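These protein sequence lines map, in sequence, to chains H and W. Per our numbering, the first sequence starts with residue 1, numbered consecutively. Per our numbering, the second sequence starts with residue 1, numbered consecutively.
Number of protein chains: 2
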Amino acid sequence: MSSVPPAIASAYDPERFRAEGHRLIDAIAAALVSWHAREGVVLPWRPPADALAEWPLARGELVADLQRILASSTALAHPRYMGHQVPPPLPGAALAELVSAILNNGMAVFEMGPAAAPIELAVVDWMARTLGYGDRAGGVLTSGGSLGNLTALLAMRQAKAGFDVWRDGLHAGPPLAVITSADAHYSVVRTLRIMGLGEGGVIVAPIDAQHRLRASAVEAALASAGDRRVIGIVAAAGSTATGAFDPLDELADVAARHGLWLHVDAAHGGAVALSAAHRDKLAGIGRADSIVWDAHKLMMMPALVTAVLFKQGGHVYDAFAQQASYLFAAAAPDDTWWDLGQRTLECTKRMMAIEVWTALRVHGEDFFGAVVDRLVALAGELASRVRASGDFELAIEPALNIVCYRHRAPGDLDAHNRALRRRVVEDGRFYIVGTQLPAGYFLRSTIMNPLTEPSDFDDLLEHLRALCRG
Amino acid sequence: MSSVPPAIASAYDPERFRAEGHRLIDAIAAALVSWHAREGVVLPWRPPADALAEWPLARGELVADLQRILASSTALAHPRYMGHQVPPPLPGAALAELVSAILNNGMAVFEMGPAAAPIELAVVDWMARTLGYGDRAGGVLTSGGSLGNLTALLAMRQAKAGFDVWRDGLHAGPPLAVITSADAHYSVVRTLRIMGLGEGGVIVAPIDAQHRLRASAVEAALASAGDRRVIGIVAAAGSTATGAFDPLDELADVAARHGLWLHVDAAHGGAVALSAAHRDKLAGIGRADSIVWDAHKLMMMPALVTAVLFKQGGHVYDAFAQQASYLFAAAAPDDTWWDLGQRTLECTKRMMAIEVWTALRVHGEDFFGAVVDRLVALAGELASRVRASGDFELAIEPALNIVCYRHRAPGDLDAHNRALRRRVVEDGRFYIVGTQLPAGYFLRSTIMNPLTEPSDFDDLLEHLRALCRG
Chain H
1 MSSVPPAIAS
11 AYDPERFRAE
21 GHRLIDAIAA
31 ALVSWHAREG
41 VVLPWRPPAD
51 ALAEWPLARG
61 ELVADLQRIL
71 ASSTALAHPR
81 YMGHQVPPPL
91 PGAALAELVS
101 AILNNGMAVF
111 EMGPAAAPIE
121 LAVVDWMART
131 LGYGDRAGGV
141 LTSGGSLGNL
151 TALLAMRQAK
161 AGFDVWRDGL
171 HAGPPLAVIT
181 SADAHYSVVR
191 TLRIMGLGEG
201 GVIVAPIDAQ
211 HRLRASAVEA
221 ALASAGDRRV
231 IGIVAAAGST
241 ATGAFDPLDE
251 LADVAARHGL
261 WLHVDAAHGG
271 AVALSAAHRD
281 KLAGIGRADS
291 IVWDAHKLMM
301 MPALVTAVLF
311 KQGGHVYDAF
321 AQQASYLFAA
331 AAPDDTWWDL
341 GQRTLECTKR
351 MMAIEVWTAL
361 RVHGEDFFGA
371 VVDRLVALAG
381 ELASRVRASG
391 DFELAIEPAL
401 NIVCYRHRAP
411 GDLDAHNRAL
421 RRRVVEDGRF
431 YIVGTQLPAG
441 YFLRSTIMNP
451 LTEPSDFDDL
461 LEHLRALCRG
Chain W
1 MSSVPPAIAS
11 AYDPERFRAE
21 GHRLIDAIAA
31 ALVSWHAREG
41 VVLPWRPPAD
51 ALAEWPLARG
61 ELVADLQRIL
71 ASSTALAHPR
81 YMGHQVPPPL
91 PGAALAELVS
101 AILNNGMAVF
111 EMGPAAAPIE
121 LAVVDWMART
131 LGYGDRAGGV
141 LTSGGSLGNL
151 TALLAMRQAK
161 AGFDVWRDGL
171 HAGPPLAVIT
181 SADAHYSVVR
191 TLRIMGLGEG
201 GVIVAPIDAQ
211 HRLRASAVEA
221 ALASAGDRRV
231 IGIVAAAGST
241 ATGAFDPLDE
251 LADVAARHGL
261 WLHVDAAHGG
271 AVALSAAHRD
281 KLAGIGRADS
291 IVWDAHKLMM
301 MPALVTAVLF
311 KQGGHVYDAF
321 AQQASYLFAA
331 AAPDDTWWDL
341 GQRTLECTKR
351 MMAIEVWTAL
361 RVHGEDFFGA
371 VVDRLVALAG
381 ELASRVRASG
391 DFELAIEPAL
401 NIVCYRHRAP
411 GDLDAHNRAL
421 RRRVVEDGRF
431 YIVGTQLPAG
441 YFLRSTIMNP
451 LTEPSDFDDL
461 LEHLRALCRG
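Structure (structure tokens):
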């Protein structure tokens with residue numbers, strides 16, 4: 001057969017990579033400069049149907065195409081991005097992602113990640129200790145909070161069902177159910193449906209005035225379970241809607257009293273453990289049986305880097321232990337603890353630990369506490385401006401870096417604020433989102449960009465007023 | 001409050017990114033030059049316990065740390081990488097990943113991916129058409145084949161159970177089961193366990209001499225189902241162990257005859273549709289109800305980019321449709337077809353389409369067919385050398401780019417080849433894997449690097465002989 005065809009040699013040519021890479025680095029640096037200077041819009045809005053026609057699969061040039069994508073995406077790095085709980089990543093972490101992509105070490109087995117696998121174990125160990133877990137803890141990194149919650153709830157199901165669900169299926173026992181709050185992330189309910197529990201598999205307990213799940217609500221939910229066997233509680237440490245923290249010590253007590261598994265969805269709030277000023281919000285988290293923590297939220301990593309942590313590390317194998325002869329050398333997990341594929345739903349996965357590991361080495365742990373402190377302080381600045389405004393009002397006092405507020409106007413408040421949010425999106429100079437709370441529809445700003453300044457909030461409120469007038 | 005603290009300003013400084021980025025591009029280019037020249041080892045093996053101690057969370061410098069990771073990882077770009085079915089990514093696709101990472105557009109909603117969402121829809125449409133699906137097809141990209149198979153099997157469960165599993169749970173009907181082959185990827189069995197079906201939820205049908213699932217085996221499996229309701233068939237288009245292609249037309253016929261859902265795991269083999277020489281292996285795939293295709297296999301993308309495709313696009317909503325007021329503007333999918341979060345288990349996800357989109361624009365569709373043709377031809381070169389060798393033998397003729405072979409020696413062949421594989425790993429100059437087939441343990445090489453040359457196989461066989469002697 002012939003030697004490497006020219007088109008293939010060209011596509012893999014290191015000098016081509018070098019030239020395109022240097023051009024791209026400059027293009028990204030220029031975009032960062034522009035965004036940080038508050039130039040242009042945060043959200044280059046296009047009607048979706050129009051956008052669909054604008055990205056044809058015709059021939060193109062790599063760097064030009066990527067520059068167009070940079071200019072046409074939502075600019076999380078713009079200080080007026082105050083929307084979803086996804087951060088502007090640390091630029092150095094994006095560089096680590098480039099290394100992850102070029103190496104492509106899939107690391108289901110140690111051989112396919114002789115650097116990535118030990119780095120992941122170091123990062124998981126650090127995350128577990130940061131949350132107060134002890135020597136027996138264990139865990140794994142996986143692609144996102146939804147997959148993380150699924151992994152943890154599978155371990156809960158296996159540990160607490162009272163029969164071997166993995167082997168015998170759900171038919172072999174009574175209906176199972178999990179107690180969670182009305183504010184739980186939609187992935188929790190979705191996960192239980194995936195697992196075959198149906199709508200009866202979720203007992204939604206009411207929240208208190210601060211949007212927290214209390215032990216008394218859990219007790220009432222237990223009393224309402226009927227013929228269902230309740231296997232656990234899913235608590236939130238930084239709820240998605242409002243950033244509320246459930247009282248974990250209180251929930252650990254009620255879980256212990258009834259022999260339930262306590263899972264804490266700390267996807268958003270886990271990083272609060274790095275802040276001396278705010279870590280008390282997580283009091284009791286070390287008593288949870290399992291925890292999910294997204295490093296791609298308050299640790300400023302690019303998506304997706306989720307840790308699933310278990311107080312008893314052995315639980316990490318419960319959900320998935322299974323033989324695959326082309327992958328794992330032995331069936332017994334103890335023999336191959338370094339083959340991380342046994343711990344996740346994922347077979348091939350990204351080298352997601354290296355960005356956390358390098359960021360901790362470059363910036364130090366305290367840096368991340370300072371980021372959390374700044375984001376929480378910024379949220380306080382927005383809340384105080386809303387409080388003082390006269391024409392805006394808060395839904396509740398922010399517990400962290402999420403502020404829910406609305407504009408006051410005569411007539412239907414929900415319709416007014418929905419329409420206002422729509423105008424913000426189509427204008428694009430600021431980006432905020434909205435959420436439906438029991439008290440009505442509210443605007444919602446998660447402060448994720450530490451380059452935001454308090455004056456940006458003055459400008460936001462003026463911008464909203466101007467849109468109402470216009 | 002104070003302005004942006006210096007440590008935070010420094011971490012986000014575009015000029016710091018520019019300087020570190022240029023250094024990193026040169027470091028990666030140098031590594032590519034070295035790997036392509038066959039310098040150094042493919043696998044820098046360390047005993048796992050030693051490796052664990054070598055990556056402490058002390059202070060470090062970004063580019064130096066990343067260079068050390070480059071030097072300590074498995075070099076898929078080295079032409080003597082002949083191991084798992086994960087490719088050396090196109091360097092340009094790794095650059096697209098850098099853009100994905102810095103933008104971090106999570107795209108559960110269109111606003112969080114005004115470029116990424118339409119690009120994903122364009123890529124999904126292209127992939128569906130490439131496999132022969134028509135105008136009514138639909139799908140989504142997700143993080144990996146395991147998650148992709150889970151998504152497809154959830155749609156199968158909802159469509160074919162005969163009752164509303166999503167709403168009422170598995171308890172509301174008879175036990176369910178899926179027929180698959182003994183060669184199915186372990187994630188398929190794992191997925192059904194996750195979904196609550198237990199070991200009874202899988203009926204493993206025997207394979208023929210070419211490792212294919214035949215209609216007759218499906219019929220026999222159906223006859224053995226007992227009180228279980230069989231809902232579908234999972235076929236492989238490029239099985240993991242040997243690369244075998246199940247006869248899809250035959251399986252579509254038997255599925256139609258019995259009202260079953262046909263899912264095709266074409267994670268590995270989907271890209272064969274791009275090769276005029278080999279696409280007949282996929283004959284009938286357009287009749288499948290759902291297909292999974294990993295672009296991070298034979299399309300040379302970095303992991304993870306998996307398409308889940310449905311012949312009837314509406315099925316994409318069946319598994320997950322659910323209200324999340326802070327995300328989706330409306331409950332009805334038709335109103336917000338561009339909010340891709342309704343289609344996946346993932347809420348936040350990576351902008352994974354942009355690397356496929358740019359690669360197709362830069363290189364053109366034919367390029368990917370040429371890559372497939374070269375990898376298959378290379379596998380044929382290895383197979384013919386094994387056949388001609390006298391001291392090695394093939395397990396079966398390769399159907400694609402996976403070659404299973406073993407060294408012949410007196411005594412316990414399995415133990416001999418396992419020990420040989422272990423020596424290859426610890427030596428590191430070549431990388432191959434192994435697999436347990438019904439006929440015994442075999443060495444396994446998936447040819448994924450188009451820069452490999454036939455002479456590398458001569459060197460591989462000599463290397464194996466030398467390790468046997470040593």
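The beta-carbon is built from N, C-alpha and C at its ideal position, and this holds for glycine as well. Just so it is clear, the structure is predicted and the values come from calculations on it, not from any experiment.
Under the 8 Å Cβ criterion, the stretch 245-257 of chain H counts as touching the stretch 216-232 of chain H, having at least three qualifying pairs.
With a cut-off of 8 Å on Cβ pairs, the stretch 93-102 of chain H is in contact with the stretch 101-121 of chain W, counting three or more such pairs.
In this structure, glycine 134 of chain H places its C-beta atom within 9 Å of the C-beta atom of glycine 286 of chain H. Judged by their CB atoms, leucine 192 of chain H and leucine 153 of chain H are nearer to each other than the 9 Å cut-off.
Taking 9 Å as the cut-off, the beta carbon of valine 86 of chain H is found no closer than this to the beta carbon of glutamate 20 of chain H. Assignment of alpha helix (DSSP H) within the stretch 419-467 of chain H, counting only whole runs of 4 or more residues, yields no such run. Contacts with chain W (Cβ-Cβ distance below 7 Å) from the stretch 359-372 of chain H involve Leu360, Arg361, Val362, His363, Gly364, Phe367, Ala370 and Val371, listed in chain order. Of the residues W:Gly428, W:Val33, W:Gln158 and W:Glu355, the one whose Cα lies closest to the Cα of isoleucine 231 of chain W is W:Gln158. With fewer than 16 other Cβ atoms from the protein chains shown falling within 10 Å of its own Cβ, alanine 466 of chain W counts as exposed. Against chain H, the beta carbon of leucine 121 of chain W has neighbours under 7 Å at Leu52, listed in chain order. The three-state secondary structure of threonine 142 of chain H, taken from DSSP, is strand. DSSP places serine 181 of chain H within a strand segment (E or B) once states are collapsed to three.
Distances from the CA of alanine 241 of chain W to each of W:Gly106, W:Gly269 and W:Pro247 were compared; the closest alpha carbon is that of W:Gly269. Among the residues facing chain H, histidine 78 of chain W is not included, as its CB has no counterpart in that chain under 9 Å away.
Within chain W, the residues whose beta carbon sits less than 9 Å from that of histidine 22 of chain H are Gly21, His22, Ile25 and Asp26, listed in sequence order. For glycine 132 of chain W, the closest of W:Ala288, W:Val33 and W:Leu76 by C-alpha to C-alpha distance is W:Ala288. A residue is called buried once 16 or more other Cβ atoms fall within 10 Å of its Cβ, and proline 89 of chain W is buried on that count.
Around tryptophan 261 of chain H, no beta-carbon contact reaches into chain W at under 8 Å, the shortest distance being about 17 Å. Taking all protein chains in view, the Cβ of methionine 1 of chain W is surrounded by fewer than 16 other Cβ atoms within 10 Å, so the residue is classified as exposed. Straight-line spacing of the CA atoms in tryptophan 55 of chain W and threonine 358 of chain H works out to 10 Å. Scanning H:Ala236, H:Val178 and H:His185 for the CA closest to the CA of glycine 198 of chain H turns up H:Val178.
Each residue's CA atom was taken as its position, placing isoleucine 432 of chain H and aspartate 366 of chain H some 29 Å apart.
The beta carbon of alanine 161 of chain W is closer than 8 Å to those of Gly173, Leu176, Arg229 and Ile231 in its chain, skipping five residues each way along the sequence. Judged by DSSP in its simplified three-state form, threonine 344 of chain W adopts coil rather than helix or strand. In this structure the stretch 110-120 of chain W does not touch the stretch 109-118 of chain H; the number of beta carbon pairs closer than 8 Å is below three.
Below the 8 Å Cβ cutoff, chain W contributes Tyr12 and Asn104 as neighbours of proline 88 of chain H, in chain order. By the 16-neighbour rule on beta-carbons within 10 angstroms, aspartate 373 of chain H is buried. For glycine 243 of chain H, the closest Cβ of chain W is not nearer than 9 Å. Within a 10 Å sphere around the beta-carbon of alanine 415 of chain W sit fewer than 16 other beta-carbons, which makes this residue exposed. Interface flag for alanine 7 of chain H against chain W is set, since a Cβ pair is found closer than 9 Å.
Inclusion of glycine 145 of chain H and alanine 399 of chain H in the CB contact set at 9 Å is not warranted, their separation being larger than that value.
Taking each of W:Leu378, W:Arg408 and W:Glu61 in turn and checking the Cα distance to serine 389 of chain W, the smallest one comes out for W:Arg408. Residue W:Ala205 holds the alpha-carbon nearest to the alpha-carbon of serine 224 of chain W among W:Val234, W:Ala236, W:Gln210 and W:Ala205. Note on geometry: alpha-carbon atoms of leucine 420 of chain H and glutamine 342 of chain W lie some 24 Å from one another.
Note on arginine 59 of chain W: under 16 other CB atoms within 10 angstroms of its CB, so exposed under the neighbour-count rule. For tyrosine 405 of chain W, same chain residues with a beta-carbon under 7 Å away, outside a window of 5 residues either side, are Val386, Phe392, Glu393, Leu394, Ala395, Phe442 and Leu443 in chain order.
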